[in-house]
Amino acid sequence: MSAPRARTSSAFLEISADNWRLAIVMGIVVSAAAAAALPATVAFWIVGAMTALVAAAFAVNAYRRHYYGGLLVAPAIAVLFTMNIFPLLWSLGLSFFAYQSNQQSIRFVGLGNYIKVLTNDIAAADNWHALTNTAMFVVLTVAAQMIIGFLLAMLFAKQFPLRKYLLILVLAPMMLSVVASGVFFTYYYDPTFGILSYVMNGITDGQFILMDSKAGAVGGIVFADAWMWSPFVMLLVLAGLVSVPKYLYEAAAIDRVSAWRRFWTITFPYIRGLLMLALLFRTIEAFKLADLVILLTKGGNDTMTISYHLIRVANEQNKTSEGAAISYIMLFMVIVLTNLYLYLANRRNGES
Numbered sequence: 001m002s003a004p005r006a007r008t009s010s011a012f013l014e015i016s017a018d019n020w021r022l023a024i025v026m027g028i029v030v031s032a033a034a035a036a037a038l039p040a041t042v043a044f045w046i047v048g049a050m051t052a053l054v055a056a057a058f059a060v061n062a063y064r065r066h067y068y069g070g071l072l073v074a075p076a077i078a079v080l081f082t083m084n085i086f087p088l089l090w091s092l093g094l095s096f097f098a099y100q101s102n103q104q105s106i107r108f109v110g111l112g113n114y115i116k117v118l119t120n121d122i123a124a125a126d127n128w129h130a131l132t133n134t135a136m137f138v139v140l141t142v143a144a145q146m147i148i149g150f151l152l153a154m155l156f157a158k159q160f161p162l163r164k165y166l167l168i169l170v171l172a173p174m175m176l177s178v179v180a181s182g183v184f185f186t187y188y189y190d191p192t193f194g195i196l197s198y199v200m201n202g203i204t205d206g207q208f209i210l211m212d213s214k215a216g217a218v219g220g221i222v223f224a225d226a227w228m229w230s231p232f233v234m235l236l237v238l239a240g241l242v243s244v245p246k247y248l249y250e251a252a253a254i255d256r257v258s259a260w261r262r263f264w265t266i267t268f269p270y271i272r273g274l275l276m277l278a279l280l281f282r283t284i285e286a287f288k289l290a291d292l293v294i295l296l297t298k299g300g301n302d303t304m305t306i307s308y309h310l311i312r313v314a315n316e317q318n319k320t321s322e323g324a325a326i327s328y329i330m331l332f333m334v335i336v337l338t339n340l341y342l343y344l345a346n347r348r349n350g351e352s
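In terms of UniProt numbering, the sequence shown opens at residue 1 and continues consecutively.
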């Protein structure tokens with residue numbers, strides 16, 4: 001047993017171009033030391049050099065061992081690391097420092113930013129209030145999208161005249177950018193010349209301002225978001241509906257099974273997984289709701305969400321490190337929600 005261990009340790013300590021294990025250890029140690037002891041501008045380039053060293057060790061190892069498949073996907077992995085993974089890790093490291101974008105000073109504070117955003121009287125109150133509003137929007141928007149999308153899918157699962165053209169019209173909002181949709185609803189809700197105000201003014205004999213109260217502002221945002229993303233839920237559910245074998249419905253008709261029992265025993269099992277998938281996707285996206293709030297209310301009438309609050313903290317108040325801490329708290333919550341969904345889905349599959 002000692003001889004293989006000795007060979008393994010000697011191979012690990014061997015200085016060679018393809019020793020990726022030693023390159024990873026050196027990269028972590030040197031990067032951590034540089035971040036703790038050197039100025040940020042110098043540490044940035046040292047961390048970049050260590051990352052390049054690890055990537056080169058992986059590439060040489062793949063070439064010498066004839067792992068050509070890995071070499072072929074290496075450019076895509078490099079782009080993914082540069083555009084996604086590295087900024088994610090950099091912002092994670094930044095959350096442990098006291099740094100503001102309008103200042104050059106930076107110092108290590110450990111968990112200080114996390115403690116501040118969770119326990120500081122003013123900051124914590126704003127964060128929790130924005131998080132409460134976010135939870136409200138998540139429940140309302142996701143519920144509206146699931147219900148409307150499901151009903152639209154049940155409608156378009158049947159054949160009727162002009163079905164293709166109506167389907168294109170229903171899918172059109174999902175193809176628009178959020179900015180375009182937000183600007184459209186800004187004019188739609190406008191109290192002076194908006195269509196909604198024009199119709200309501202004729203009914204109430206007075207000026208109708210939807211965004212004048214919290215209930216109206218929340219309703220306007222929920223309606224705009226549901227208008228955009230209910231077609232996404234519809235597409236997923238429709239894919240499940242069209243996959244149901246026709247002979248099951250024919251057999252149910254022969255047995256004179258009621259419409260509700262037909263739906264519950266035949267249709268629903270085919271669309272249950274897709275409904276859960278739509279619920280997961282739309283919950284994660286609703287948790288990041290900020291663009292429509294910015295365009296329609298700018299956080300007024302108590303509609304501040306945690307994502308918009310994060311933008312204001314990081315960009316407008318220049319509290320970069322605190323913004324990074326809030327973003328990783330959000331990421332942790334999304335991960336918890338996702339794992340809870342997967343647990344419930346696996347448990348249901350196991351029971352069935």
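Positions of the beta carbon are idealized from the N, C-alpha and C atoms, including for glycine.
{"Query": "Could you pull the DSSP bridge partners for residue 198 from this structure?", "Result": "Beta-bridge pairing links residue 198 to no other residue."}
{"Query": "When you compare each of 230, 20, 320 to residue 173 by their alpha carbons, which one comes out closest?", "Result": "230"}
{"Query": "If I measure Cβ to Cβ from residue 319 and keep anything under 8 Å in the same chain, skipping five residues before and after, which residues do I get?", "Result": "100, 313"}
{"Query": "Can you tell me which of 129, 264, 108 puts its alpha carbon nearest to the alpha carbon of residue 117?", "Result": "129"}
{"Query": "Which stretch, first to last residue, makes up the beta strand (DSSP E) that contains residue 266?", "Result": "Taken as a continuous stretch (DSSP letters only), residue 266 belongs to no beta strand (DSSP E), as it is neither H nor E."}
{"Query": "Between which two residues does the alpha helix (DSSP H) harbouring residue 28 extend?", "Result": "20-37"}
{"Query": "List the DSSP bridge partners of residue 99.", "Result": "106"}
{"Query": "Could you tell me whether the segment 266-280 touches the segment 180-197, using the rule of 3 or more Cβ pairs below 8 Å?", "Result": "no"}
{"Query": "Output needed for residue 114: all residues of its chain with C-beta closer than 6 Å, excluding positions within five of it in sequence on either side, in chain order.", "Result": "325"}
{"Query": "DSSP three-state call for residue 8: helix, strand or coil?", "Result": "At residue 8, the pLDDT of 49 sits below 50, so the modelled position is not reliable and the matter cannot be decided from this model."}
{"Query": "Would you grab the beta carbon distance between residue 224 and residue 152 for me? Rounded to a whole angstrom, and I think it's under 8 Å.", "Result": "That belief does not hold up - the Cβ atoms of residue 224 and residue 152 are roughly 17 Å apart, past 8 Å."}
{"Query": "How many angstroms separate the CA atom of residue 333 from the CA atom of residue 145?", "Result": "22 Å"}
{"Query": "How would you write the range of the alpha helix (DSSP H) that residue 87 sits in, first residue to last?", "Result": "86-94"}
{"Query": "Leaving out the 5 sequence neighbours to the left and right, which residues in its chain are closer than 8 Å to residue 150 when beta-carbon positions are compared?", "Result": "233, 234, 237, 275"}
{"Query": "If you run the structure through DSSP and keep just helix, strand and coil, what is residue 155?", "Result": "helix"}
{"Query": "To the nearest angstrom, how far is the alpha carbon of residue 78 from that of residue 25?", "Result": "20 Å"}
{"Query": "Is the beta carbon of residue 141 closer than 8 Å to that of residue 305?", "Result": "no"}
{"Query": "Any idea if residue 102 is buried or exposed, counting beta-carbon neighbours within 10 angstroms, 16 or more meaning buried?", "Result": "exposed"}
{"Query": "In three-state terms, what does DSSP make of residue 298?", "Result": "coil"}
{"Query": "Enumerated in chain order, which unbroken segments of the alpha helix (DSSP H) with a length of 4 residues or greater are wholly contained in the segment 129-198?", "Result": "163-175, 178-188"}
{"Query": "In whole angstroms, give me the CA-to-CA distance for residue 171 and residue 250.", "Result": "31 Å"}
{"Query": "Would residue 361 and residue 307 qualify as a contact pair, given that the criterion is a beta-carbon distance under 8 Å?", "Result": "Look at the range of the chain in this structure, 1 to 352, and you will see that residue 361 is not part of it."}
{"Query": "Using a 10 Å radius around the Cβ and a threshold of 16 neighbouring Cβ atoms, would you call residue 346 buried or exposed?", "Result": "exposed"}
{"Query": "For residue 54 and chain B, any beta-carbon pair shorter than 8 Å?", "Result": "This model lacks chain B altogether, as it is built from one protein chain only."}
{"Query": "Report, in whole angstroms, the separation of the C-beta atoms of residue 321 and residue 95, which I expect to be a contact under 8 Å.", "Result": "6 Å"}
{"Query": "With a CB to CB cut of under 7 Å and the five nearest residues on each side skipped, what residues in its chain are close to residue 16?", "Result": "none"}
{"Query": "Would you mind working out which of 341, 36, 240 sits nearest residue 110, comparing C-alpha positions?", "Result": "36"}
{"Query": "Taking the alpha-carbon of residue 123 as reference, which of 341, 338, 323, 336 has the nearest alpha-carbon?", "Result": "323"}
{"Query": "What three-state label does DSSP hand residue 111 in the structure shown?", "Result": "coil"}
{"Query": "Roughly how many whole angstroms lie between the Cα atoms of residue 45 and residue 266?", "Result": "60 Å"}
{"Query": "What does the alpha-carbon distance come out to for the pair residue 168 and residue 179?", "Result": "21 Å"}
{"Query": "The alpha helix (DSSP H) that contains residue 245, what's its start and end?", "Result": "Counting along the chain, residue 245 falls outside any alpha helix (DSSP H), and DSSP gives it neither H nor E."}
{"Query": "Determine the direct distance from the alpha carbon of residue 84 to that of residue 119, and round the result to whole angstroms.", "Result": "30 Å"}
{"Query": "Taking all protein chains shown into account, decide if residue 47 is buried (16 or more other Cβ within 10 angstroms of its Cβ) or exposed.", "Result": "buried"}
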